[in-house]
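The structure appears below as structure tokens.
Numbering (this note's numbering), first residue to last: 22 to 128.
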């Protein structure tokens with residue numbers, strides 16, 4: 022999301038490339054005007070996908086849809102598709118317990 026692109030995600034992308042690990046980063050690999058569905062094609066073709074879970078992750082409809090697609094792809098091919106969650110400024114318990122910025126208010 023916007024809160025991770027300029028700091029963590031862009032640095033991770035650069036490090037992966039320096040290690041000769043082919044990586045797709047939507048701010049680099051997706052040109053303006055291209056459909057976001059292109060990202061889904063990259064996910065399907067990848068053996069490993071990373072999900073950067075930040076404080077604002079749950080506020081982004083696109084991030085949530087992207088995570089759901091990652092899980093769907095993983096379920097279709099558990100032995101060959103891996104998801105690596107990266108917790109950035111949040112803890113796994115925030116997500117598991119639906120607390121902090123991941124808390125959903127029901128009215």
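Yeah, the Cβ is synthetic: ideal placement off N, Cα and C, and Gly gets one too.
Taking the DSSP output, what are the residues bridged to residue i?
i: residue 116; result: The partner list for residue 116 (beta bridge, DSSP) is empty, contrary to what the question assumes.
i: residue 71; result: 105
Can you check whether the CB of residue j is closer than 8 Å to the CB of residue i?
i: residue 74; j: residue 116; result: yes
i: residue 90; j: residue 68; result: no
i: residue 25; j: residue 109; result: yes
With DSSP collapsed to three states, give me the class of residue i.
i: residue 78; result: helix
i: residue 28; result: helix
i: residue 84; result: helix
i: residue 8; result: Look at the range of the chain in this structure, 22 to 128, and you will see that residue 8 is not part of it.
i: residue 42; result: coil
Residue i: which of the options sits nearest, CA to CA?
i: residue 33; options: 113, 111, 107; result: 107
i: residue 15; options: 93, 114, 71; result: The structure shown does not extend to residue 15, since the chain is modelled only from 22 to 128, so the question has no answer here.
i: residue 60; options: 94, 109, 79; result: 94
i: residue 83; options: 58, 100, 35, 111; result: 58
i: residue 111; options: 37, 79, 100; result: 79
i: residue 104; options: 81, 65, 118; result: 65
For the segment 35-42 against the segment 75-84, do three or more pairs of beta-carbon atoms, one drawn from each stretch, fall closer than 8 Å, so that the two count as touching?
no
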